[in-house]
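For reference, the structure is listed below as structure tokens.
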Amino acid sequence: MSQDHYTSPVPPPPAGAPGGVPPVASAVPPAPATRKRSGGRLTALILGWTALTAGVLTLAGLSAYLWLTHEQWVDQNDALRAEALEMGESLAVARSDAEAAEQSLDEVSAQLTEAKSTISEFANTDANASDDLVYAEDLIERMIVCIDEQADLADHLRESWRYTTESLRAVEANIDEYCSTLEEAWEEYEAER
1 MSQDHYTSPV PPPPAGAPGG VPPVASAVPP APATRKRSGG RLTALILGWT
51 ALTAGVLTLA GLSAYLWLTH EQWVDQNDAL RAEALEMGES LAVARSDAEA
101 AEQSLDEVSA QLTEAKSTIS EFANTDANAS DDLVYAEDLI ERMIVCIDEQ
151 ADLADHLRES WRYTTESLRA VEANIDEYCS TLEEAWEEYE AER
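For the sequence shown, this note's numbering gives the first residue as 1, with consecutive numbering after it.
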């Protein structure tokens, strides 16, 4: 914007007034009062300033939007990071609890296996005790039979005149064999206990 040949629309001060033009200069014809600018230049200038202002405002708005978006992303990132840390801690506690529960389950399982084994041993012992008792009772009954047979043999020997010697000896041998078998069975039973 050059200011060549442009004069102010305000008239100059009167001659001789302070800041005024000296009287000699008043003889010079005054310059044209106003010179009109061309309308296209002024419109272009206004449009340029308007576009520049709109661009600056747009950039300022975009910058503000980006700044707010950035702040929201940072806040969201911080929130997600805190939540992830909390979930990580919860997961670590859950894993620790699961490992403790698994270890406890293993211990209980081992105790259960041991208890089953002990119960099985007691059941077998009880069954064996019952079997042993039945076997011992059977042996005792047979020993009673053995004693009764020996008593009968003693009675027969007192009355040996009624029996032949061979029949008495055969009966004695049978009774001795029977009683020896019972004695051996009793000794085996005692050895197993």
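Where is the CB? At the ideal position from N, CA and C, for every residue including glycine. The model shown is predicted, which means the values in this text are computed figures rather than measured ones.
| Query | Result |
| --- | --- |
| Between which two residues does the alpha helix (DSSP H) holding Y135 run? | 39-158 |
| Assuming L139 and L182 make a contact with CB atoms under 8 Å, what is their CB distance in whole Å? | 6 Å |
| Give the DSSP-derived three-state secondary structure of M1 in the structure shown. | Only weak support exists for where M1 lies, its pLDDT of 48 falling under 50; the value from the coordinates is given anyway. Of the three classes helix, strand and coil, the one that applies to M1 here is coil, per DSSP. |
| Three-state secondary structure (DSSP) at R162? | helix |
| Look at the alpha carbon of A98 and the alpha carbon of T125, and state the distance between them as a whole number of angstroms. | 40 Å |
| Comparing C-alpha positions only, which one of L91, C179, A94 sits nearest to E141? | C179 |
| Leaving out five residues before and five after C146 in sequence, what residues of the same chain have Cβ atoms less than 8 Å from its Cβ? | I175, Y178, C179, L182 |
| Using the C-alpha atoms, what's the distance from A136 back to E190? | 10 Å |
| Here's the rule I'm using: 16 or more other beta-carbon atoms within 10 Å means buried, otherwise exposed. How should R193 be labelled? | exposed |
| Could you check how far apart the C-beta atoms of L153 and E172 are, in whole angstroms? I think they sit under 8 Å. | 6 Å |
| Look at the alpha carbon of R195 and the alpha carbon of D148, and state the distance between them as a whole number of angstroms. | As displayed, the chain neither begins before 1 nor continues past 193, which places residue 195 out of reach and without an answer. |
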